[in-house]
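Residue numbering for the sequence shown follows the numbering used here, beginning at 2 and increasing consecutively.
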Amino acid sequence: MTATTVARGTMPLAGHLREARRRGLRAAVSLLVGAVIGFVLADQILDVLRAPVEELALSRQASLNYDTVTGAFDLELKIALFTGVVVSSPVWLRELFAYVTPGLTRRERRYVLGFSAAAAPLFAAGCAFGLLVFPRMVSVLAGFSDDQDSTILNASYYVDFVMKIVLATGIAFVLPALLVILNCLGIVSARRLRGSWRVIVVVIVLFSALVTPAADVLSMFLVALPMSALFGAALAITALHDRRAARRVPAAD
Numbered sequence: 002m003t004a005t006t007v008a009r010g011t012m013p014l015a016g017h018l019r020e021a022r023r024r025g026l027r028a029a030v031s032l033l034v035g036a037v038i039g040f041v042l043a044d045q046i047l048d049v050l051r052a053p054v055e056e057l058a059l060s061r062q063a064s065l066n067y068d069t070v071t072g073a074f075d076l077e078l079k080i081a082l083f084t085g086v087v088v089s090s091p092v093w094l095r096e097l098f099a100y101v102t103p104g105l106t107r108r109e110r111r112y113v114l115g116f117s118a119a120a121a122p123l124f125a126a127g128c129a130f131g132l133l134v135f136p137r138m139v140s141v142l143a144g145f146s147d148d149q150d151s152t153i154l155n156a157s158y159y160v161d162f163v164m165k166i167v168l169a170t171g172i173a174f175v176l177p178a179l180l181v182i183l184n185c186l187g188i189v190s191a192r193r194l195r196g197s198w199r200v201i202v203v204v205i206v207l208f209s210a211l212v213t214p215a216a217d218v219l220s221m222f223l224v225a226l227p228m229s230a231l232f233g234a235a236l237a238i239t240a241l242h243d244r245r246a247a248r249r250v251p252a253a254d
């Protein structure tokens with residue numbers, strides 16, 4: 002690659018492939034290291050996930066079961082992979098953005114980096130919130146059966162259920178930041194968001210009802226309120242951005 006090519010900000014196809022291979026290798030190594038850490042801590046993680054079942058066993062017969070000989074080993078591999086993806090996310094996200102951002106403008110790079118800085122803590126907060134609410138879900142859903150019945154749970158299905166809840170709440174907490182970055186890029190306006198607030202609130206309530214299918218509405222509101230607050234904050238930020246952008250246009254003219 003010549004100096005002229007670098008100065009023009011272009012790269013031949015072979016250079017793109019070498020760059021993708023180099024950054025992909027770093028991301029794969031970080032994922033492998035995270036998976037090894039997850040495999041070492043798999044028993045401790047499973048103890049945390051098993052706690053609601055053990056609490057349920059105090060009032061009825063309840064346990065996690067494996068339906069195959071390799072079920073326990075497969076479950077530890079699944080936990081290790083999931084932990085590896087989460088633990089190594091700062092590394093592979095950085096490699097992904099480092100590969101993509103050279104093709105963006107300076108303004109777009111600033112927005113993407115800002116979104117990355119906001120998305121990471123929001124995703125972590127959402128996952129932590131999912132870990133807090135899933136024991137309530139397990140006790141309520143299992144409570145629909147009679148006390149004389151036995152609750153025998155497939156361990157793999159149970160862990161998948163918990164992982165889906167944790168990921169769903171994590172992604173839900175990131176969506177407001179995504180709305181802000183789409184507004185900054187000029188794709189979604191604050192006026193459109195304000196016009197759709199009723200639909201968004203209904204979606205939040207439905208999502209909260211699915212995530213927390215409790216007999217009382219308190220658990221649903223405990224999930225819906227922080228999500229609504231995040232949406233309100235995103236709406237305020239987009240309105241402020243559009244107002245500043247509207248003031249810059251007459252000044253430029």
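Glycine included, each C-beta is placed from N, C-alpha and C at the ideal position.
Whose C-alpha, out of Val139, Tyr112, Gly115, Val163, is nearest the C-alpha of Lys79?
Ranking the options by Cα distance to Lys79, first place goes to Val163.
Would you decide whether Asn184 is buried or exposed? Buried here means 16 or more other CB atoms lie within 10 Å of its CB.
Result: buried.
Straight-line gap, Phe40 to Ala230 (C-alpha atoms, nearest Å):
C-alpha separation (whole angstroms): 37 Å.
Buried or exposed (CB count within 10 angstroms, at least 16 for buried), Leu236
Answer is buried; the Cβ neighbour count reaches 16.
Is Thr84 helix, strand or coil when you go by DSSP?
Helix.
Between Ser151 and Leu65, what straight-line distance do the alpha-carbon atoms span, to the nearest angstrom?
Distance between Ser151 and Leu65, taken at the CA atoms: about 11 Å.
Can you check the segment 101-172 for any beta strand (DSSP E) of at least 3 residues that lies completely inside it and give the ranges in chain order?
The segment 101-172 contains these whole beta strand (DSSP E) runs: 152-155.
Ser31 to Arg23, Cα distance in whole Å?
Ser31 and Arg23: Cα-Cα distance of roughly 13 Å.
Counterpart residues of Ala63 in DSSP-defined beta bridges
Ala63 is bridged to Thr152.
Please work out which residues of its chain come closer than 7 Å, Cβ to Cβ, to Leu123, disregarding the five sequence neighbours upstream and downstream, and give them in chain order.
Excluding the 5 residues flanking it on each side, Leu123 has same chain C-beta neighbours closer than 7 Å at Phe174, Val175, Ala178, in chain order.
How should Leu188 be labelled, buried or exposed, when 16 other C-beta atoms within 10 angstroms of its C-beta is the threshold for buried?
The amino acid at residue 188 is misidentified as Leu; the sequence shows Ile. By the 10 Å Cβ count, Ile188 comes out exposed.
Around the C-beta of Thr84, are 16 or more other C-beta atoms found within 10 angstroms, so that it is buried, or is it exposed?
It is buried - the Cβ of Thr84 has at least 16 other Cβ atoms within 10 Å.
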